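Student: Following this note's numbering, the numbering of the sequence shown begins with 1 at its first residue and continues without gaps.
Below you will find the structure I want to go over with you.
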Amino acid sequence: MGDAFVGHGGGDQHEYAKEVLSRLNGRIYYVNGNHNAGMWQLYEEADKCNDYWHRSWKLKVVFVGPALWIRLKGRRCVLTHYPQQEWADMKRGVWNLCGHSHGRDPGSQPENPGRRLDVGIDNFPNLVTFSEIETIMK
């Protein structure tokens with residue numbers, strides 16, 4: 001949920017972003033954060049380059065803006081970079097899966113399950129599956 005490459009790759013977010021994205025399969029829906037330099041550099045570079053990697057990268061990444069509403073296993077979720085205090089249908093069971101707080105927002109932690117969870121790499125270094133999210137949020 002945004003900030004995908006900040007603080008990683010020894011300071012070169014651009015090269016780190018290329019390395020990580022080359023290992024990911026399928027379509028990538030990128031929710032904008034407040035540290036997107038690596039992603040935006042790649043996007044601008046893709047406009048100027050015509051090699052296979054840049055063309056395929058531009059086709060696999062979709063920038064969705066500040067929020068993405070999805071349904072996973074019947075559960076409605078809103079994916080955002082910033083933890084939300086309130087969101088549409090939160091009282092009807094919609095979860096907010098977010099990032100930004102780098103593990104420092106008490107209301108978004110696995111030990112305080114509710115309707116919001118920080119699913120960023122600072123909380124889940126090995127990435128988190130939806131099945132694990134369901135277990136935490138119950």
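From the three backbone atoms N, C-alpha and C, an ideal C-beta is built for every residue, glycine too.
Predicted model, so just to flag it, every value in this text is computed and none were measured.
1. Taking Cβ positions, are GLN84 and ARG104 nearer each other than 8 Å?
2. So LYS60 and LEU42 are supposed to be a Cβ contact under 8 Å. How far apart are they, rounded?
3. Kindly indicate which three-state DSSP category VAL87 falls into: helix, strand or coil?
4. Nearest by alpha-carbon distance to ARG71: which of LYS58, TYR52, VAL94 and HIS54 is it?
5. Where SER56 and PRO110 are concerned, what is the direct C-alpha to C-alpha distance, given to the nearest angstrom?
6. Given a cut-off of 8 Å on the beta-carbon distance, is the pair GLY65 and ASN32 in contact?
7. Which class does ASP47 belong to by DSSP, given the choice of helix, strand or coil?
Tutor: The relevant details are as follows:
1. no
2. So it is not a contact: roughly 11 Å between Cβ atoms.
3. For the record, residue 87 in the displayed sequence is Trp; it is not Val. Here TRP87 sits in coil by DSSP.
4. VAL94
5. 36 Å
6. yes
7. helix
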